[in-house]
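Participant:
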Amino acid sequence: MDLKQLSTKLYEECDMCLTRFKKMRELDADPDFFQDVKPYADEWHAAIEEWKDASLLFIRNERPKYVHKLQIDNAAEGMGQVFVQSFYKDTSKKRFVQTIQAAQYTIQTLLSAIDEKGDDTQ
Numbered sequence: 001m002d003l004k005q006l007s008t009k010l011y012e013e014c015d016m017c018l019t020r021f022k023k024m025r026e027l028d029a030d031p032d033f034f035q036d037v038k039p040y041a042d043e044w045h046a047a048i049e050e051w052k053d054a055s056l057l058f059i060r061n062e063r064p065k066y067v068h069k070l071q072i073d074n075a076a077e078g079m080g081q082v083f084v085q086s087f088y089k090d091t092s093k094k095r096f097v098q099t100i101q102a103a104q105y106t107i108q109t110l111l112s113a114i115d116e117k118g119d120d121t122q
């Protein structure tokens, strides 16, 4: 999967996490960690790491004007947290939403840089 596709997939999954978070709060539900949370988190953490590595390679090779290593590191860390926290109703809503918005902003900025460079083969 190329960087553009992976970025889009992660952006959409951030939206799904927000939907799941709201649903878990409405239902007042507690997930089973080993049955629900861990398999999901393991799958997405691998995708996040792949995205992070590909993004850093893109930054190193293309030197986009508005995307930097620290932003990618922070977005990857934030997504890693919210993908797990979305299952838990006791998560702080404000912090959760802000973390998702920050990650999505970074992904959108990266997608714009990819389009600007005309390089979606990474």
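UniProt numbering puts the last residue of the sequence shown at 122; the count rises by one with no breaks. Cβ atoms here follow ideal geometry from the backbone N, Cα and C, with glycine treated the same way.
Identify whether residue 55 lies in helix, strand or coil by the three-state DSSP scheme.
Facilitator: DSSP places residue 55 in helix when its eight states are reduced to three.
Participant: Might you give, ordered along the chain, the residues of its own chain that have their beta carbon closer than 7 Å to the beta carbon of residue 52, omitting 5 neighbours on each side?
Facilitator: Excluding residues within five positions, the ones whose Cβ falls inside 7 Å are 72 and 76.
Participant: In three-state DSSP terms, what is residue 102?
Facilitator: Three-state DSSP puts residue 102 in a helix.
Participant: Between 87, 83, 8 and 109, which has its C-alpha nearest residue 66's C-alpha?
Facilitator: Residue 66 has its Cα closest to that of 109, out of 87, 83, 8 and 109.
Participant: In three-state terms, what does DSSP make of residue 118?
Facilitator: Three-state DSSP puts residue 118 in coil, outside helix and strand.
Participant: Apart from the five residues just before and just after residue 55, which ones in its own chain have a Cβ nearer than 7 Å to its Cβ?
Facilitator: Answer for residue 55: 3, 72 and 110, listed in chain order.
Participant: Spell out a yes or no on whether the segment 19-28 and the segment 85-105 are touching, meaning 3 or more CB-CB pairs, one atom from each, closer than 8 Å.
Facilitator: Enough Cβ pairs lie closer than 8 Å, so yes.
Participant: Return the chain-ordered list of same chain residues with a C-beta closer than 6 Å to the C-beta of residue 79, the five sequence neighbours on each side being excluded.
Facilitator: Within the same chain, residue 79 has close Cβ partners 48 and 103.
Participant: Kindly indicate which three-state DSSP category residue 45 falls into: helix, strand or coil?
Facilitator: Helix at residue 45.
Participant: For residue 7 and residue 27, what's the separation of their Cα atoms in angstroms?
Facilitator: Answer to the nearest angstrom: the Cα atoms are 30 Å apart.
Participant: Please return the same chain residues whose Cβ sits closer than 7 Å to the Cβ of residue 121, not counting the five positions on each side in sequence.
Facilitator: Residue confidence for residue 121 is low, a pLDDT of 44 falling below 50, so the modelled location carries little weight; the figure read from the coordinates is stated next. Correct list, in chain order: 2.
Participant: Secondary structure at residue 63, three-state DSSP: helix, strand or coil?
Facilitator: It is coil, neither helix nor strand.
Participant: For residue 75, does the three-state DSSP call read helix, strand or coil?
Facilitator: It is helical.
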